[in-house]
Amino acid sequence: MSLKLKLAIAFCGPLVILVIVGVMSVRTVTQSSRAVERIFRENYDSVDASLKMKGAVERLDRAAEFSLWGEGAEAGHESGALTAEFERNLRFQQGNITLAGEHELTERLTRLWETYRKDYEDFRRLPETDGERRDFYRNRLVPGSREIRDTVQRIADINLENMLSVDGQARRQADEANRTMFALVVSGVGLALLFIALIAPFVVRPITGLTRSVREIQRGNLDLLVKPRSKDEIGRLAAAFNEMASSLREYRRTDRARLLRTQRATQSALDTLSDAVAVCSPAGEVELANDTARRVFNLSPESTIESAGNEKIGELFARVRREMRAVRHQGYDSAIQVFREGEERFYLPGGIPILDEDHQLAGITLVLTDVTGVRRLDEVKSGLISTVSHELKTPLTSVRLAAHVLLSEKLGPLNPKQVEILVAAREDSDRLYQIIENLLDISRIETDRSKIRLSPVDTEQMVLQATDEMRSAYMDRKVTLVLDLPEDVPPVLAEAFYLESVFANLLSNALRHTPAGGRVTVSARRKGDAVQFSVEDTGSGIPAESLPHVFEKFYRGPGREERRDSGLGLAIAREIVEAHGGTIGVVSEPGKGARFTFTLSVADSPTQGI
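According to full-length UniProt numbering, the sequence shown is numbered sequentially starting from 1.
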């Protein structure tokens, strides 16, 4: 039996009750209205006829009385019309008998009328002056008229009483209809309760079972089977549900196997890396980690970032989660120093956010790169450069001094050829001395990054001082130096001594590449929690292939081999800016000049310590 048929059978009972109640209501109202109409029509007509007969008899009496006083002709004419009126109403009454006792009264009225009419005719034949006529009127007509009026009044009274009883009859019919409809309503309620108690479970129980099964599948229990209890729509739905659960079990099995293979392959690949790699949830729970992360940093699956106990890793994780962008430390001062099995190693931390389709954070990948070898090589390089620079600086100073003394001709006059050679030697020695100084500066910055003392520095005053020192050189080259500083630019965290070198290198670089009549603009703007400084020139610009290398040591762009500068100015600027925790970059198009920018943290920035 289908679910549709079950529901149809279940609702048939209440539907039949509803139809019967409706029919009974219509029938009761119709019967009541018809009964009232019939009763009023029949009884009212009888009352009307009775009143007319009573009036006719009364007028006949008056006509007879008038005839005693000599008005016989007029009374005779009126008595004929009254007799005809009485008999017409009497015939109507004889055909409109509807109540108990009305038939007997009507027959008595008929007999009384026959007697009265006969006596009335005899009365009219008596001589008008005869005393017998008065006696006849008094002894025969008056008593007969009285009996007729009494009988007519009784007929009218029983019809009036019946009319007044219409409300009672209608009430009785309404009460009977109410009792019937109440019984039907009770029957309908009983059928509804029977449906709820007996039929509803056959429909609701399978649906409830399916609901429980869906919830179990939602919890991950795909091994549940629903037993079809019928062949109706619910049974077919249960069978389809079982097929769906079977398909989901198969998908889960294959996906689980595929996921296990992928996880093992990923784990094997990660374990081959010398760098420490860990994948964490947004809450900081470690979900995947390679052997290095487990051994060196205690980042094992089912552990947390907090339980690892490394402050720098915790700060890195919090920053990536807050900013939702990749964070990669560049300087060796940010490296994590680890001692394990008597060996010192350095790991440079970095974090990459994992975003879902809605760009919400789904996890964070931590990569701690082993920079021990690179750091040692860099230390060796820095030490070598520092040592060599110091060793070269002393004899180079003597060479420079000798060139200056000879050019001063204090030891004797020089011919033009000797002067030319000494001038070239002096220039080359000065250039070599400047290179050594720059190398020592870079070595000092790389070595003493942690010793930089940051403090609030007035941005406007710092820029004005840096540009004032270069203004005379710009005037000599006929290049306009423009300042663009808003009044509300905030102070920055920096060490002024080092920033003077940054501005000097950037302004010198812009001056070298800007022809006479050009313009160099220095500006500062607040960008969130940092101030962005820029030095923009109107020179020849930088080729696209050279842009990634402009901050490298000793780099020279194509076609600039004859340039007399050391090639270390921009490298020094980068080292200083990065040592302050800022960033530096360049944007340029050939023929349209170049724009160098760098950022420093605002003195009141909430992230200045990150």
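We put the beta carbon where it would ideally sit given N, CA and C, even for glycine.
Fully contained in the stretch 94 to 176 are the following alpha helix (DSSP H) runs of length 4 or more, in chain order: 102 to 125, 131 to 136, 142 to 164. Here DSSP, grouped into helix, strand and coil, assigns Leu407 to helix. Here DSSP, grouped into helix, strand and coil, assigns Ala530 to strand. In the displayed model, Asp468 falls within a helix according to three-state DSSP. By the Cβ neighbour-count rule, Lys54 is buried, with 16 or more other Cβ atoms within 10 Å of its own. According to the DSSP assignment, Thr480 belongs to the beta strand (DSSP E) that extends over 480 to 484.
The alpha-carbon of Tyr251 is positioned some 21 Å away from that of Ala265. Per DSSP, Tyr347 is one residue of the beta strand (DSSP E) stretching across 343 to 355. Just so you know, the alpha carbons of Ala238 and Arg212 end up roughly 12 Å apart. For a cut-off of 8 Å, the C-beta gap from Phe86 to Trp69 is around 23 Å, too long to register as a contact. According to the DSSP assignment, Arg219 belongs to no beta strand (DSSP E), since it is labelled neither H nor E. Secondary structure note for Leu570: its alpha helix (DSSP H) is the uninterrupted segment 569 to 579.
With fewer than 16 other Cβ atoms inside 10 Å of its own Cβ, Gln218 counts as exposed.
Classified as buried, His513 has 16 or more neighbouring CB atoms from the shown chains inside 10 Å of its CB.
Three or more Cβ pairs closer than 8 Å define a contact, and the stretch 584 to 602 falls short of that threshold against the stretch 472 to 488. In its chain, beyond the 5 residues on either side, Ile158 have a beta carbon closer than 8 Å to the beta carbon of Gly101. A residue is called buried once 16 or more other Cβ atoms fall within 10 Å of its Cβ, and Pro456, having fewer, is exposed. For Ala496 and Met462, the gap between their C-alpha atoms comes out near 7 Å.
When the five nearest sequence neighbours on each side are left out, the beta carbons in the same chain lying within less than 7 Å of the beta carbon of Gly541 are those of Ser588, Glu589, Pro590, Gly591, Lys592, Gly593, Ala594, in order along the chain.
Across the set Ala64, Arg477, Gln93, Val502, the C-alpha of Val502 shows the shortest separation from the C-alpha of Ala466. Secondary structure at Ala494: strand, using DSSP grouped into helix, strand and coil. From the listed residues Ala49, Ala516, Val47, the smallest Cα separation to Asp476 is found for Ala516. The three-state reading of DSSP puts Ser588 in strand, counting E and B together. Looking at the backbone, the Cα of Arg59 and that of Tyr44 are separated by about 23 Å. If the five residues before and after Phe92 are omitted, its C-beta is found closer than 8 Å to the C-beta atoms of Asp45, Ala49, all from its own chain and listed in chain order.
One Cα belongs to Lys478, the other to Ala494, and the distance between them is close to 32 Å.
Annotation for Asp291: the continuous alpha helix (DSSP H) segment containing it runs 291 to 297. The three-state secondary structure of Gly188, taken from DSSP, is helix.
Going by DSSP, Ser307 is part of the alpha helix (DSSP H) stretching over 305 to 308.
For the pair Val489 and Ala524, the CB atoms are nearer than the 7 Å cut-off.
With fewer than 16 other beta carbons inside 10 angstroms of its own, Met244 counts as exposed. Within the same chain, Cβ atoms closer than 6 Å to the Cβ of Leu366 are found at Ala278, Gly351, the five residues on either side in sequence being excluded.
Counting only residues of its own chain and dropping the five nearest sequence neighbours on each side, Val399 has a CB closer than 7 Å to the CB of Ser429. In the assembly as shown, Thr254 is an exposed residue. Its beta-carbon has fewer than 16 other beta-carbons within 10 Å.
Counting only the Cα atoms, Leu368 lies some 24 Å from Arg574. Counting only the Cα atoms, Ser247 lies some 43 Å from Val327.
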